[in-house]
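Okay, structure first, notes after.
2 protein chains.
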Amino acid sequence: MKPEEHPLHRLFNPESIAVVGASRNPRKIGHIILRNILEAGYRGRVYPVNPNADRILGLRAYPRLTDIPEPVDVAIVAVPAEKVLGVAEDAGRRGVGFLVVISSGFSEVGRRELEEKLVSIARRYGFRVLGPNVAGYLYTPARLNATFGPPRVLEGNIAFVTQSGAFAIALMGATLIEAIGVSAIISVGNKADLDEADLLDYLGVDEHTRVVLHYLEWLRDGRRFLRVLERVAASKPVVVIKAGRSGAGARAAASHTGRLAGSYRVYVSALRQSGALIAKSMEEAFDAAKALAWNPLPEPEKPEEFNVLVVTNGGGAGIQAVDTLEERGVRVREAPESLRGEYARLLPPFASTRNPVDLTGMAPAEWFYEAVRIALRSDWVDALLVLYTQTGLSGPVETAKAILDALRDEGHSKPITVALLGGPECLHAARLLTRNRVPAYPTPERAAAALSFVAEYAWRRWYLREKAGGG
Amino acid sequence: MKPEEHPLHRLFNPESIAVVGASRNPRKIGHIILRNILEAGYRGRVYPVNPNADRILGLRAYPRLTDIPEPVDVAIVAVPAEKVLGVAEDAGRRGVGFLVVISSGFSEVGRRELEEKLVSIARRYGFRVLGPNVAGYLYTPARLNATFGPPRVLEGNIAFVTQSGAFAIALMGATLIEAIGVSAIISVGNKADLDEADLLDYLGVDEHTRVVLHYLEWLRDGRRFLRVLERVAASKPVVVIKAGRSGAGARAAASHTGRLAGSYRVYVSALRQSGALIAKSMEEAFDAAKALAWNPLPEPEKPEEFNVLVVTNGGGAGIQAVDTLEERGVRVREAPESLRGEYARLLPPFASTRNPVDLTGMAPAEWFYEAVRIALRSDWVDALLVLYTQTGLSGPVETAKAILDALRDEGHSKPITVALLGGPECLHAARLLTRNRVPAYPTPERAAAALSFVAEYAWRRWYLREKAGGG
Chain A
1 MKPEEHPLHR
11 LFNPESIAVV
21 GASRNPRKIG
31 HIILRNILEA
41 GYRGRVYPVN
51 PNADRILGLR
61 AYPRLTDIPE
71 PVDVAIVAVP
81 AEKVLGVAED
91 AGRRGVGFLV
101 VISSGFSEVG
111 RRELEEKLVS
121 IARRYGFRVL
131 GPNVAGYLYT
141 PARLNATFGP
151 PRVLEGNIAF
161 VTQSGAFAIA
171 LMGATLIEAI
181 GVSAIISVGN
191 KADLDEADLL
201 DYLGVDEHTR
211 VVLHYLEWLR
221 DGRRFLRVLE
231 RVAASKPVVV
241 IKAGRSGAGA
251 RAAASHTGRL
261 AGSYRVYVSA
271 LRQSGALIAK
281 SMEEAFDAAK
291 ALAWNPLPEP
301 EKPEEFNVLV
311 VTNGGGAGIQ
321 AVDTLEERGV
331 RVREAPESLR
341 GEYARLLPPF
351 ASTRNPVDLT
361 GMAPAEWFYE
371 AVRIALRSDW
381 VDALLVLYTQ
391 TGLSGPVETA
401 KAILDALRDE
411 GHSKPITVAL
421 LGGPECLHAA
431 RLLTRNRVPA
441 YPTPERAAAA
451 LSFVAEYAWR
461 RWYLREKAGG
471 G
Chain B
472 MKPEEHPLHR
482 LFNPESIAVV
492 GASRNPRKIG
502 HIILRNILEA
512 GYRGRVYPVN
522 PNADRILGLR
532 AYPRLTDIPE
542 PVDVAIVAVP
552 AEKVLGVAED
562 AGRRGVGFLV
572 VISSGFSEVG
582 RRELEEKLVS
592 IARRYGFRVL
602 GPNVAGYLYT
612 PARLNATFGP
622 PRVLEGNIAF
632 VTQSGAFAIA
642 LMGATLIEAI
652 GVSAIISVGN
662 KADLDEADLL
672 DYLGVDEHTR
682 VVLHYLEWLR
692 DGRRFLRVLE
702 RVAASKPVVV
712 IKAGRSGAGA
722 RAAASHTGRL
732 AGSYRVYVSA
742 LRQSGALIAK
752 SMEEAFDAAK
762 ALAWNPLPEP
772 EKPEEFNVLV
782 VTNGGGAGIQ
792 AVDTLEERGV
802 RVREAPESLR
812 GEYARLLPPF
822 ASTRNPVDLT
832 GMAPAEWFYE
842 AVRIALRSDW
852 VDALLVLYTQ
862 TGLSGPVETA
872 KAILDALRDE
882 GHSKPITVAL
892 LGGPECLHAA
902 RLLTRNRVPA
912 YPTPERAAAA
922 LSFVAEYAWR
932 RWYLREKAGG
942 G
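Top to bottom, those sequences are chains A and B. Be aware that the first sequence starts at 1, since it is given in the numbering used here, and climbs by one per residue. Be aware that the second sequence starts at 472, since it is given in the numbering used here, and climbs by one per residue.
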């Protein structure tokens, strides 16, 4: 399906947005959302709705949705819960396509019937609801930021769908410090109507999204989500953080959303079988997303023979990385003789070339350049992990440049992750790599874990395709 | 034992140091080490040794160790492996106390007999050897930096003993970006003579060290290390990263050091029984070290009833933290009625007070202040985890200040870790906390994992003391 034909296309690419509950008070959520829509550079029409103001942030305000003279694709609603049903009726009469209900005070505090009424109004008029109890949503290709988070985020091609609105807002800020560019961030809240399955279905066809990340607490219709997941995961990686791994965590999830989180193991094994990559923490999920979004994703014919080569200038870093890869199911095999020979010509005789290839603490930046080139040219190597621990002999920025040069000269044809362990210059070097879409991390373990997601995706996709092909 | 009476006291507090292989060439390791010793502000006497120079870095140089007219406590050796035995003979004649052999090319490349000869010379003359194949060592209380890493590190009370010299150098830089202050960093290299047991024995009595971290690949005399560990761990936390968790990692360790790493499980269970806290990654180890070094360490009478209270302004963050604590064996129990009542008076009626205490997304900084004070005053709470996800309603810096104010007003009498999830201001807020020795982390999972080490230490110490008391 083309994105334009998808029923959610107008949600992500609206020609007009109304903000109900828009306010002149800069502390109010209705003000912050309107300001974000304007500051992020959204180019469609914007209608503040407020019965007590003529103009808000320079725009003409309307008393009610029904007073807006033109069609409204999306209405963002930030009014007290009690007033939401009235707004929904107005939205239906105005022919709004999507109602995004920021307001809280629904099923999450036990008021389930209020939420059911909201949905029945939507069904009656034929519009869809995101929420209630959401932090909003954003979609960078449309320059659309309808959230109460910060106005600017880093653009990119990672989409994040989250049941925690706080995570949505926090990630918006974190995109800037972690240099994780996003295509979309969607807070799904109580998901009275639209849920993860609907959103994943759209993001699956969205050409601006390369990786989808879900933070999940519970699913209303698990089977439906798994069906969509299986289809999407065959063409792009879907990373899931499933909350409630422990009994106490599941209880905490229940008090957060008023729902049971379900058995973690049951969820996770079903998600995995449908192609999801499971992350246990936010850090792991975002580390993985970078590696998946910025690398070519390998399609090995025999995924069980997937080979990762580890290149390091420190033995300890190499061991930590190998341990991490192996623990995550990625075998680190001894490199074949021919490849070892190529490295042996580059390195001093005491350097190990088995895999990890130990460039030794004497390695200048040029050895990193050569070592990466050799790996990119080798038929044996499917993916590459480069580990640098700071030494006096090659600075981190020099080393990062050498890695970038090798990728430029040989082509970024294989997945690669890089760890730079050391002082403040390592942060600069990591930023340099990141700006060039080479995923860089502060420790060998994190770079290894991120690369293991790339390997796992190769297996899961292979399996999904075999299954589809065989069926 | 007092530190002054310990046989290694002079290694850490030398009155004079010679650098054999000191050089005027700023690219040479012998130059970098000499320069670091001078720049770090060491106040003892320093003697460059080089047969081809009269003065190096403004100091009078001596052709040989035996030419130095005064006693030499420590001689750092950075000459080719072939010349080390001659230097060792000179050291013996000069009456040097400790020989720190930076030079590589010994057992790690299969030249074991060269190393044995070095040790036999040391035994004959009665001096001790650190190394060979080390990156050097540093001890901030003596302003001593005899490494080829960066000249400055952040001072503090975490000691790091590592079999990977690269990790030693990398950590020196990382102290600055992670704000992890160190008392000592010691690269043990091939540990032909002095090993982890000797160093831990000293660090155990060193009053400037509150936490000891070991990066271990193999142990020559495991029993001896366990004996020392058991004694030290009864009074200060010892965190161990044991390399070679996987078969491939163990093989990589073997090519790194020329030794077998041994069964990971056997090692780890023995280490745990002797009181070690096991970390799986560098990040986890340093996260734990901060939490252990900067917090009061609880001594519960019934460690099985240890209670962690989680305070959060985001439900999702709370769940992730609870899952992490529980996975690591820390039970997150429902708070008692009386405590819940105190939080209920502070919070809106729909906020959960069970544990996690959910301050909700509406929480201003004052609620964090009150929530932390309540927890510090509560008899039920043994340790506190505070989670902040960035919102428009309370900024990260305000929130950090509120937490610091509460700790000032009630006293930092219980262990606490803080997570700040969000944009660039969260980094500033984390630095503010860190400068005040409140451990802060970028994600709920990392703050929870770090706090779990504090809880685990309480249990391990209780067990060691019971065992000692019962014996």
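For every residue, glycine included, the Cβ atom is placed at its ideal position computed from N, Cα and C.
- Beta-bridge analysis with DSSP links B/Phe631 to B/Ile656 and B/Leu684.
- The shortest C-alpha to C-alpha distance from A/Thr324 to any of A/Glu445, A/Asp201 and A/Ala75 is the one to A/Glu445.
- If you ignore the 5 residues before and after B/Arg535, its C-beta comes within less than 6 Å of the C-beta of Asp561, all in its own chain and listed in chain order.
- Beta-bridge analysis with DSSP links B/Asn616 to B/Leu609.
- Close partners of A/Phe148 in chain B (Cβ separation under 7 Å): Gly863.
- Distance check between B/Asp758 and each of B/Arg811, B/Thr646, B/Tyr735 and B/Val801 places B/Thr646 closest, using alpha-carbon atoms only.
- For A/Ala317, the chain B residues whose C-beta falls within less than 9 Å of its own C-beta are Ser635, Ala637, Phe638, Ala641 and Met753, listed in chain order.
- Under DSSP, the beta-bridge partners assigned to B/Tyr518 are B/Ala489.
- A contact is defined here as three or more CB-CB pairs under 8 Å, and the segment 865-880 of chain B fails this definition with respect to the segment 611-625 of chain B.
- Apart from sequence neighbours up to five positions away, the residues of its chain that approach A/Ile186 with a beta-carbon distance below 6 Å are Tyr137, Val161 and Leu199, ordered along the chain.
- Looking at A/Gly189, A/Ala383 and A/Ala78, the one whose alpha-carbon comes closest to that of A/Pro300 is A/Ala383.
- Within the same chain, and ignoring the five residues on either side of A/Arg93 in sequence, the residues whose Cβ sits closer than 7 Å to its Cβ are Thr66.
- Closer than 7 Å at the C-beta level to chain A, one finds no residue of the segment 655-682 of chain B.
- The residue among A/Ala179, A/Arg27 and A/Gly126 with its C-alpha nearest the C-alpha of A/Arg435 is A/Ala179.
- If only uninterrupted alpha helix (DSSP H) runs of at least 4 residues are considered, those enclosed by the segment 270-302 of chain A are 282-294.
- Contact between the segment 277-294 of chain A and the segment 454-461 of chain A is present: 3 or more CB-CB pairs across the two stretches fall below 8 Å.
- Within chain B, no C-beta atom comes nearer than 8 Å to that of A/Ala22; the closest sits roughly 15 Å away.
- In this structure, the straight-line span from the alpha carbon of A/Val228 to that of A/Val212 is close to 12 Å.
- When Cβ-Cβ separations below 8 Å define contact, B/Ile488 makes no contact with chain A.
- A distance of 8 Å or more separates the beta carbons of B/Pro478 and B/Asp544.
- When A/Thr209, A/Lys401, A/Tyr369 and A/Val268 are compared, the shortest CA-CA separation from A/Thr140 is found for A/Thr209.
- Here DSSP, grouped into helix, strand and coil, assigns A/Asp206 to coil.
- Look at B/Glu553 here: in three-state DSSP terms it is helix.
- With a 10 Å radius around the Cβ and a threshold of 16 neighbouring Cβ atoms, B/Ala939 comes out exposed.
- The beta carbon of A/Glu327 lies closer than 8 Å to none in the same chain, with the five residues before and after it left out.
- B/Ile648 has a beta carbon lying within less than 8 Å of a beta carbon in chain A.
- Under a criterion of Cβ atoms nearer than 7 Å, no residue of chain A is adjacent to B/Arg811; the nearest Cβ is some 12 Å distant.
- Distance between B/Val590 and B/Leu570, taken at the CA atoms: about 10 Å.
- DSSP lists A/Ala18 and A/Leu99 as the bridge partner or partners of A/Ala75.
- DSSP places A/Ala419 in the strand class (E or B) of the three-state scheme.
- For the segment 496-509 of chain B, the set of residues with a beta-carbon nearer than 9 Å to any beta-carbon of chain A comprises Arg498, Ile500 and Ile503, in chain order.
- Between A/Arg340 and A/Thr353 the beta-carbon gap is near 4 Å, inside 8 Å, which marks them as a contact.
- For B/Tyr686, the C-beta contacts it makes with chain A under 8 Å involve Gly316, in order along the chain.
- Under the 10 Å beta carbon count, A/Asp379 is surrounded by fewer than 16 other beta carbons and is classified as exposed.
- Closer than 8 Å to the CB of A/Asp323 there is at least one CB belonging to chain B.
- Here the alpha carbons of A/Gly222 and A/Lys236 stand approximately 20 Å from one another.
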